Structures are given as C-alpha cells and as structure tokens.
Amino acid sequence: MLEGKDILIVEDDPVFRRMITGFLLSQGCEVREAEDGLQGLRALRDGIPDVLLCDLAMPVLTGMEFVEEVSLHYPMIPVIVISGTGEMADVAAALRHGVKDFLVKPLDNIMVLKAALMSVLKAQENTTEYTDFSSQLLQHDSTVDEELQWHINELESNPEIARELLVGLMPDTLSRQGDWQMSYCVLQSADVQPVLLDYTWLMDGRLAFYLLDAESGGRQGAATVLLIRALFNDYLRKRMASENDISSMLQTIENGMKQSGYAVPIKGLFGIFDACDRSLVVVSTGSEAMLRTSDGEMIVPAGTSLGDGARKNLTSSYVLPYSGARLSLSKIGAANFSITIQRLDAMKEHEIHPGVKAKTKV
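My numbering runs 8 ahead of the 1-based position in the sequence shown.
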C-alpha cells in the first residue's frame, strides 16, 4: 500500500531523517526531504505529498508553527508528527491543528511508523475509516498496539498529563455562524479531571455539541473522553448531513465504546441547535442541566450515563426565543459549566447577558 506514495519528511536531524528516508525507500515510497519548516513550505509549493511527516523542534520555523501553516493552507494533507517530546500539551496543540497521528522518538519499532502511514492512507481512500488522531484508541491492529498502549497508560497513570491534554483540546470560547453566536463559561478545579466541550457548526446552520465529565470515568475517564470525541466527529462527517437524531448518534457512540474494550460510562450532555427554526434538542447522559431563557427555566433531567444505554434517555426539545438561552450543568462535582446561544441582534438590545470568556481555577 505504501509503494509509489509521495512522502515529505520535514526534520532537522539529518541522522534520523536519513533513517526514515531509507526505510520509506525500502517500502517503495517516493521521498522528499526538508530540514526545517521554511524549506518544508517551499517543498509543498512544488507538490502536494500523500503524507507529511514532521518534527516539532526545528529551527527557522518551529514544527508547531509549520503544522499550523499546513492546516491553514493545505488542510487536505494528512500530517503525522514524530517528535522527541511526548508532552501531552504538545499532543493537544497538534490535535487542534488536525494532526492525524503523533509518534514519539526514538521509534523502537519502525513498524509503528508503517502502521501509522497505512492507517492514514487507508482513511484517505475510505471515508468510513476514522481519521482523527484520538480515534487511534479504536484500533486493534497488533502493529500499533505498542503505541496505543503507551497513550492509554499515560492517560491512566498520569492524571495531571491527562488533564493538561483535555484542557488543551477545549475549543474557542466564542464562535459565530450567521446571525447566531455560541459562547461558554467554565470554572473548574485543577485537582480533578475537567469537563470537556466540543462543538461543530454544520453548513446547514445546525450546531452540534456535547459536554463530557471526564472525572466521572475515574482513571479511564480521559481515554474514554478521547474515544467519544473521535466517535462524535466521525458521526458528524458521515451521517449528520442527513440525520438530526441524537438517539442515533448516541447509539453509534455507545457501540464504539463497547467495541473498544476499555471505555467506561461517562456523564455528559449532547445537543443540536438549528439556527433556521431556533429549535434546540438536548439529551442528558447523566448530568442534570438547567435551560434558562427569557420565558423561564426548564430542567433537563440527568438520565443514564453514556455507555449504560443513554440512547434510550429522554429527548428534550425547545424553541428558543430570539434572545437565545443559557444551558448550565449542575451537580458535577468541582466544576461549573454553562453554554450561551444567542442571536447577535438580541445582544445589542441586551435581552440576554452576553457570553463571557472561559475561566479556569488554578
């Protein structure tokens, strides 16, 4: 599968670069090399590779700056980072820029690289495959077991590292689509695993989002949350364009959790807001919530945790006033989390308190 593939290596260490080049040539790949990020960008102008391999610690243009440039101008290129650092902060930053995999030097088993390349290339050719980095937690290929187990062990045995990774994955606190805006506010203790938010504006004006309480999963909470993140994003790519059913989404996610063999039940909440008709559909998966609008307050009952049959939980549907709404989680231990959805012209009239920036208690 690697034969004839164009691989660009951006790496300042000549010894490691030549080692990787030699291996890829032996696999039948066509290889181009660049010794820093600036040369890498020039190489991209000369031709788009099938896969890009790069380091993070490089001169002239750092690896992270290089990855950011690639994500902005060449989003179609799958990127695999091979770095001497295994810091979860770096992993999180790379994730935000769309990196497909993150390997740590030294590569004791070169077949880990081959497995990563084949997985990425297969995903490019088959849209049913998972392409998010965190979705490697779904894989059961013996060639990637070593790398997979390293990530799971790190997350389970180092709570501080796991928390750093999850906090680093939090999206922008303010997002706009057309006439509507979504913002969130969070205050949570640094002594526990965080509540993770993820959201996506779809092209038809819908906003899909979820909140997951990683602390509710214990030692396996962080790994489970990363798995759910991958399943959620994959569902949006493949099925959300034609479906508006949260129950179907939850069933798909719970099936993936069961197949993983290690995921544990997690408390959270899922929602879909449609800006066209102002409808909001919410399903709690173990976390009670309060919806506040100019018309009053409504309780969203907790329901069963995700992984314990949450697909059967009650679906709450609302039509929001033009002033929008605030959705707040309650009874989640040491955290306080709220999401505000509001129409921009209503903000000018001060009909609803504008969204505030996220805060983290340290």
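Glycine residues also receive a C-beta, built at the ideal position from the N, C-alpha and C atoms.
Quick caveat: nothing in here was measured; it's all calculated off a predicted structure.
Residues sharing a beta bridge with residue i, DSSP
| i | result |
| --- | --- |
| residue 62 | 18 and 89 |
| residue 303 | Residue 303 pairs with nothing; no bridge assigned. |
| residue 69 | Answer is none; residue 69 lacks a bridge partner. |
| residue 166 | Residue 166 pairs with nothing; no bridge assigned. |
| residue 206 | 218 |
| residue 172 | According to DSSP, which records beta bridges pairwise, residue 172 is partnered with nothing at all. |
Simplified DSSP assignment, three categories, for residue i
| i | result |
| --- | --- |
| residue 155 | In this predicted model, residue 155 has a pLDDT of only 48, less than 50, meaning its place in the structure is not dependable; the value taken from the coordinates is given anyway. Note: residue 155 maps to helix in three-state DSSP. |
| residue 178 | coil |
| residue 106 | coil |
| residue 84 | coil |
| residue 47 | helix |
| residue 113 | coil |
| residue 230 | helix |
| residue 24 | helix |
| residue 140 | For residue 140, the predicted model reports a pLDDT of 45, less than 50, meaning its position is unreliable; a value from the coordinates is still stated below. Coil. |
| residue 187 | coil |
| residue 436 | Past the edges of the chain, shown from 9 to 370, lies residue 436, and the structure says nothing about it. |
| residue 212 | coil |
| residue 38 | strand |
Beta-carbon proximity check, residue i vs residue j, cutoff 8 Å
| i | j | result |
| --- | --- | --- |
| residue 164 | residue 267 | no |
| residue 10 | residue 48 | no |
| residue 201 | residue 230 | yes |
| residue 51 | residue 65 | no |
| residue 176 | residue 101 | yes |
| residue 328 | residue 347 | no |
| residue 280 | residue 216 | yes |
| residue 234 | residue 264 | no |
| residue 5 | residue 288 | Shown here, the chain extends from 9 to 370; a query on residue 5 therefore has no answer. |
Close-in-space but distant-in-sequence residues of the same chain around residue i (CB under 7 Å, 5 per side omitted)
| i | result |
| --- | --- |
| residue 240 | 206, 218 and 261 |
| residue 316 | 273 |
| residue 99 | 110 and 173 |
| residue 154 | The predicted position of residue 154 is uncertain, since its pLDDT is 48 and thus under 50; no value can be drawn from it. |
| residue 129 | 9, 13, 58 and 59 |
| residue 148 | With a pLDDT of 44 at residue 148, under the threshold of 50, the modelled position of that residue is not reliable, and the figure given next carries that caveat. So no residue of the chain qualifies. |
Of the listed residues the options, nearest to residue i (C-alpha basis)
| i | options | result |
| --- | --- | --- |
| residue 45 | 32, 36, 60 and 31 | 60 |
| residue 91 | 17, 196, 168 and 186 | 17 |
| residue 338 | 279, 351 and 309 | 309 |
| residue 196 | 51, 344, 25 and 352 | 344 |
| residue 225 | 269, 82 and 313 | 313 |
| residue 192 | 28, 335, 41 and 353 | 335 |
| residue 320 | 330, 253 and 112 | 253 |
| residue 322 | 290, 33 and 302 | 290 |
| residue 21 | 114, 32 and 325 | 114 |
| residue 70 | 82, 19 and 182 | 19 |
Contact set for residue i: own chain, Cβ-Cβ below 6 Å, skip 5 residues either direction
| i | result |
| --- | --- |
| residue 277 | 219, 292, 295 and 297 |
| residue 275 | 221, 224, 294, 295 and 313 |
| residue 151 | For residue 151, the predicted model reports a pLDDT of 40, less than 50, meaning its position is unreliable and no value from the coordinates is stated. |
Other residues of its chain near residue i: CB distance less than 8 Å, five sequence neighbours each side excluded
| i | result |
| --- | --- |
| residue 107 | 75, 87, 88, 89 and 141 |
| residue 29 | 17, 39 and 41 |
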